[in-house]
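Have a look at the structure below, then the notes.
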Ligand SMILES: NC(=O)c1ccc[n+]([C@@H]2O[C@H](COP(=O)([O-])OP(=O)(O)OC[C@H]3O[C@@H](n4cnc5c(N)ncnc54)[C@H](O)[C@@H]3O)[C@@H](O)[C@H]2O)c1
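Residue numbers (our numbering): 1 to 363.
Take a look at the structure:
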């Protein structure tokens with residue numbers, strides 16, 4: 001593995017080793033990727049592929065990227081050795097094909113969340129990375145938050161004891177996306193559970209040490225997104241005619257160590273306000289992620305505590321820098337494909353249980 005991270009130039013000047021990036025899917029989140037790449041010494045975005053001419057024009061005009069293609073296979077073929085690594089930022093339904101093409105072309109890949117449409121695709125992508133000897137990072141970011149670090153450190157220290165139960169929530173009161181293809185099951189794989197539930201699920205799963213999921217139950221509900229609505233909200237007028245995903249999903253996962261996890265996610269739900277949170281229940285203590293509180297017994301009293309100082313950093317900066325350091329410098333991958341596959345198995349499990357109307361085994 002190449003561990004050289006810097007080039008020492010004549011006169012002793014130190015220059016970061018270059019990393020040349022290609023982008024597949026140059027839409028909304030790709031702009032965030034590019035923004036971070038541009039700030040990193042030695043990193044350059046050299047090519048982009050998108051099926052929309054306007055997105056390719058934007059790559060040229062806003063980012064000075066002149067190698068643009070309407071077909072990612074063509075980009076990989078033509079730019080070839082001129083690209084070291086790829087960001088996959090297409091709709092979910094294209095992640096599998098785009099990541100496989102990049103991995104099989106020998107490129108390191110950062111693939112946006114969710115890793116794929118289902119666990120079968122995700123496993124094929126993980127296998128391709130291994131077969132090609134390249135680094136594959138899944139675009140999870142909430143595991144990299146400072147408050148995730150606080151709770152992970154608490155769990156790892158044993159301060160919360162054995163983890164019995166995790167409650168994970170990604171709930172919007174009224175937030176059905178009115179852009180992109182987020183309402184189309186055939187392109188996204190599902191609705192809020194695979195789109196925003198996946199964020200809180202990956203963070204929760206990583207906090208408790210990524211145990212093996214063995215079964216799932218749950219249900220999904222569509223009651224609003226597939227109809228027109230006159231209710232005033234921040235994102236009105238979504239495309240209800242093409243809406244084929246759930247509005248709300250609830251699920252429960254059993255892990256091989258006995259820990260249970262519930263996942264609640266919604267694009268719309270009749271609740272007082274949006275919730276994006278994790279609660280951990282341990283034998284010696286508990287914790288809440290959002291607002292970072294800890295609950296334990298001390299000196300015969302039940303104590304509620306909160307850290308008076310949590311270091312601050314930008315999780316997106318961490319995510320993007322982490323990918324660059326994994327791809328370029330061989331840093332240990334903290335969002336590996338195995339985690340992406342496990343998260344996908346849990347999502348598949350809940351969707352399958354909803355369809356079957358009963359608990360299903362996760363293999
Ligand atoms: N990590 C996060 O917080 C976060 C936030 C938003 C989106 N995302 C993920 O990023 C992905 C993209 O979401 P977005 O909001 O940028 O969507 P978007 O619709 O703004 O952008 C997707 C782009 O991919 C392009 N595209 C579609 N098919 C393609 C193909 N075959 N080849 C090349 N390009 C293709 C589209 O034309 C579009 O420009 C999704 O998987 C989403 O879940 C992650």
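Think of the CB as a built atom: it goes at the ideal place given N, C-alpha and C, for glycine as much as any other residue.
Residue 244 and residue 234 have their C-alpha atoms roughly 21 Å apart.
Scanning the segment 128–189 for uninterrupted beta strand (DSSP E) segments of 3 residues or longer gives 136–139 and 163–171, listed from N- to C-terminal end.
In the three-state reduction of the DSSP assignment, residue 30 falls in the helix class, which pools H, G and I. A buried status is given to residue 118, since no fewer than 16 other beta-carbon atoms sit within 10 Å of its beta-carbon. With 16 or more other CB atoms across the displayed protein chains lying within 10 angstroms of its CB, residue 112 is buried. If you ignore the 5 residues before and after residue 78, its C-beta comes within less than 8 Å of the C-beta of 67 and 69, all in its own chain and listed in chain order. Under the three-state reduction of DSSP output, residue 192 falls in the helix class. In this structure, residue 62 has its beta carbon at no less than 6 Å from each heavy atom of ligand 1.
Per DSSP, residue 275 is one residue of the beta strand (DSSP E) stretching across 275–282.
With contacts defined by Cβ atoms closer than 7 Å, residue 196 and residue 170 form a contacting pair.
Short note on residue 107: C-beta not closer than 6 Å to any heavy atom of ligand 1. Taken through DSSP and simplified to helix, strand or coil, residue 69 comes out as strand. Per DSSP, reduced to three states, the secondary structure at residue 54 is helical.
Contact between residue 358 and residue 161 fails: their C-beta atoms lie close to 32 Å from each other, not under 8 Å. Taking all protein chains in view, the Cβ of residue 310 is surrounded by fewer than 16 other Cβ atoms within 10 Å, so the residue is classified as exposed. With a cutoff of 6 Å, residue 185 does not count as near ligand 1, since its C-beta is closer than that to no heavy atom of the ligand.
Contact annotation: the segment 203–213 touches the segment 255–268, with at least three C-beta pairs closer than 8 Å.
Taking a cut-off of 8 Å on C-beta distances, the segment 215–223 does not touch the segment 311–321, as fewer than three cross pairs fall below it. DSSP places residue 231 in the coil class of the three-state scheme, outside both helix and strand. Taking each of 124, 139, 76 and 166 in turn and checking the Cα distance to residue 288, the smallest one comes out for 166. Distance from the CA atom of residue 348 to the CA atom of residue 116, rounded to whole angstroms, is 11 Å. Cβ-Cβ separation between residue 186 and residue 286: approximately 41 Å, too far for a contact (criterion under 8 Å). With a cut-off of 6 Å, the C-beta of residue 90 is classified as near ligand 1, since at least one heavy atom of the ligand falls inside that distance.
In this structure, residue 143 has its beta carbon at no less than 6 Å from each heavy atom of ligand 1.
Annotation: residue 275 to residue 82 spans about 44 Å, alpha carbon to alpha carbon. For ligand 1, no non-hydrogen atom lies closer than 6 Å to the CB of residue 314. Here the alpha carbons of residue 176 and residue 227 stand approximately 12 Å from one another.
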